[in-house]
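Accompanying notes for the structure given below.
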Amino acid sequence: MKKAPLVVIPLVLFSMLVIFLFQGLFSDPRELDSQVKGKPLPEFTLPDLMQPDTTYTPDSLKGEVTIVNVWGVWCVTCAVEMPYLTQLKNELGVKFVGLYFDQDLDPDFGTKTLTRVQQEVTSMLRRYGNPYAFNIFDVYRDTSLDLGVTGAPEHFVLDANGVIRMHHIGDINERVWQNKVGPLYQQLVAEADGKKEAESTKRVGE
């Protein structure tokens, strides 16, 4: 009778393992809640990729709804989604800001020069389309790490106050835009426009 618990324990552990694996099999990692959702962007001061004398901070992304797109020329999926992002920019006025990091650039040891990076980026944007208002150069990848980025492409939808309202892992294609990212983006734009209109009305009334 005393040996019964020893038999039960492995069965319980095995059952828990099966349940865990079963859930993982049918779950979508893109739907996992991000640790930064509902929070402002982490603090940073980073240069413009093409004009390093220009620097950006989280305040640079306030004032209108923005989608921050983490990408790199080394990312095949980034190239695949770029024409559609450019279409969204041109047809719907969606504001994309690139957060760029390069796998082959070592700022301390100079594995690749900044000029080389700029040339590769320019070539890729000419080939696939340029959806970006500007590109922030995440030189040491610190900001990407603070955002919990695990690869590219990844997207962060910011409201007009600079708060992260969605973290989407993977590309944005027509299906993803229509079913997931687009509805939130349009909602946030409507909210921002409504707030501006209310403030304008208030100023006229004063």
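FYI, full-length UniProt numbering numbers position 86 of the sequence shown as 86, with every residue one higher than the one before it.
We put the beta carbon where it would ideally sit given N, CA and C, even for glycine.
Query raised in the report: For the beta strand (DSSP E) that Thr66 lies in, which residues bound it at each end?
Result: By 1-based counting over the sequence shown, the position of residue 66 is 66. Thr66 -> beta strand (DSSP E) spans 66 to 71.
Query raised in the report: Does the distance from the C-beta atom of Val68 to that of Ser144 stay below 8 Å?
Result: Position 68 of the sequence shown, counted from the start, is the residue given in the question as residue 68. Position 144 of the sequence shown, counted from the start, is the residue given in the question as residue 144. Cβ atoms of Val68 and Ser144: not closer than 8 Å.
Query raised in the report: Got a sec, what are the start and stop residues for the beta strand (DSSP E) Ala133 sits in?
Result: As a first step, residue 133 is located in the sequence shown; it is residue number 133 there, counting from the start. Boundaries of the beta strand (DSSP E) harbouring Ala133: 132 to 137, taken from the DSSP string.
Query raised in the report: Alpha carbon to alpha carbon, what distance is there between Glu154 and Gly148?
Result: Locating residue 148 in the sequence shown gives position 148, where the first residue counts as 1. Locating residue 154 in the sequence shown gives position 154, where the first residue counts as 1. Distance between the alpha carbons of Gly148 and Glu154 is about 10 Å.
Query raised in the report: How big is the Cα-Cα spacing for Tyr132 and Ser200?
Result: As a working mapping, residue 132 is identified with position 132 in the sequence shown. As a working mapping, residue 200 is identified with position 200 in the sequence shown. If you draw a straight line from the Cα of Tyr132 to the Cα of Ser200, it is about 29 Å long.
Report task. Output the distance between the C-alpha atoms of Lys196 and Val163, rounded to the nearest integer angstrom. Result -> If you number the sequence shown from 1, residue 196 lands on position 196. If you number the sequence shown from 1, residue 163 lands on position 163. If you draw a straight line from the Cα of Lys196 to the Cα of Val163, it comes to about 17 Å.
Query raised in the report: Quick one: Cα of Ala192 to Cα of Lys89, how far?
Result: As a first step, residue 192 must be located in the sequence shown, where it is residue number 192. As a first step, residue 89 must be located in the sequence shown, where it is residue number 89. Taking the straight line from one Cα to the other gives about 18 Å.
Query raised in the report: Going by alpha carbons, who is nearest to Leu49 out of Glu120, Val189, Tyr185?
Result: Here residue 49 is taken as the residue at index 49 of the sequence shown, counted from 1. The shortest Cα separation from Leu49 among Glu120, Val189, Tyr185 belongs to Glu120.
Query - Own chain, CB closer than 6 Å to Trp74, minus 5 neighbours either side, in chain order - result: Taking the sequence shown and counting its residues from 1, one reaches residue 74 at position 74. Excluding sequence neighbours, Trp74 sits near Gln103.
Query raised in the report: Where Lys112 and Val189 are concerned, what is the direct C-alpha to C-alpha distance, given to the nearest angstrom?
Result: For this step, residue 112 is matched to residue 112 along the sequence shown. For this step, residue 189 is matched to residue 189 along the sequence shown. Each residue's alpha carbon lies about 39 Å from the other.
**Report entry** Span separating the alpha-carbon of Asp146 from that of Ala198
**Finding:** Residue numbering aside, residue 146 sits at position 146 when the sequence shown is read from its first letter. Residue numbering aside, residue 198 sits at position 198 when the sequence shown is read from its first letter. One C-alpha to the other measures close to 35 Å.
**Report entry** Residues that Glu191 bridges to, as DSSP identifies them
**Finding:** As a working note, residue 191 is residue 191 in the sequence shown. Beta-bridge annotation (DSSP): Glu191 is not paired with any residue.
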